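First the structure, in the form of structure tokens, and then the observations on it.
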Amino acid sequence: MRETLVLNASFEPLSTVTLNRAVVLVLQDKAVVESAHPELRMRGAAVDIPAPRVIRLCRYVRVPFRRQAPWSRRGVLVRDRHRCAYCGRRATTVDHVVPRSRGGGDTWLNTVASCAEDNHRKADRTPEQAGMPLLRQPFEPTPADAMLLTLGRDDLAALPDWLSQTAA
21 MRETLVLNAS
31 FEPLSTVTLN
41 RAVVLVLQDK
51 AVVESAHPEL
61 RMRGAAVDIP
71 APRVIRLCRY
81 VRVPFRRQAP
91 WSRRGVLVRD
101 RHRCAYCGRR
111 ATTVDHVVPR
121 SRGGGDTWLN
131 TVASCAEDNH
141 RKADRTPEQA
151 GMPLLRQPFE
161 PTPADAMLLT
171 LGRDDLAALP
181 DWLSQTAA
């Protein structure tokens, strides 16, 4: 299902919603379309609008400040764009740089996306001990970056320049 990015009235990213929910918000005049899919349209008996890719709320929504994005396995895979940190192939698992058995935790800076073969080969060792250097270092995304990364690569490429720069 397609995801639509929701911006606050101040243009800061808030969340992603389904395409159907985005259309409802636009039809209820609670949001305006900032960017639309070029060839996809939503049609009904009395309505014909372009399918929204990015919508902006008409009223400002106060959101509690979040200092960091919550860690998740899915988040690590999305952050690393489903690419193995050891060989660059398609990643299907998450590997702990410092193994959990040695005190490593489930944190953004201690986990990387990994293919099953490299995860198994590294086993219960650090990358240095296994002779498997990381192709890129893990980093902690901001909450806004984490949300933008959840959009697919095609959707992210189609965002306006001023918005996609934060997730690059």
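21 is the number of the first residue of the sequence shown in the working numbering; add one for each residue after it. Each residue gets a CB set at the ideal place from its N, CA and C atoms; glycine is no exception. Values in this document were obtained by computation on a predicted structure and should not be read as measured data.
- Selection 25, 112 and 48 evaluated against residue 37 yields 25 as nearest (Cα-Cα).
- Selection 78, 76 and 58 evaluated against residue 69 yields 58 as nearest (Cα-Cα).
- Measuring C-alpha to C-alpha distances from residue 156 to each of 150, 162, 123 and 132 identifies 132 as the nearest.
- The count of Cβ pairs closer than 8 Å, one atom from the region 41-55 and one from the region 73-84, reaches three, so the stretches are in contact.
- By alpha-carbon distance to residue 105, the top candidate from 67, 117 and 45 is 117.
- Closest by C-alpha distance to residue 114, out of 82, 138, 67 and 123, is 138.
- About 6 Å separates the CB atoms of residue 88 and residue 160; that is less than 8 Å, so the two are in contact.
- The region 93-111 makes no contact with the region 42-51, as fewer than three CB pairs between them are under 8 Å.
- Per DSSP, residue 154 is not a residue of any alpha helix (DSSP H), being assigned neither H nor E.
- Scanning its chain for C-beta atoms nearer than 8 Å, with the 5 sequence neighbours on each side dropped, one finds around residue 28 the residues 34, 76, 77, 80, 81 and 83, in chain order.
- The straight-line gap separating the alpha-carbon atoms of residue 120 and residue 162 is approximately 24 Å.
- When beta bridges are read from the DSSP output, residue 116 appears opposite 131.
- Here residue 35 carries a strand assignment [DSSP, helix/strand/coil].
- Here residue 134 is buried, its C-beta having at least 16 other C-beta atoms within 10 Å.
- By alpha-carbon distance to residue 111, the top candidate from 164, 61 and 136 is 136.
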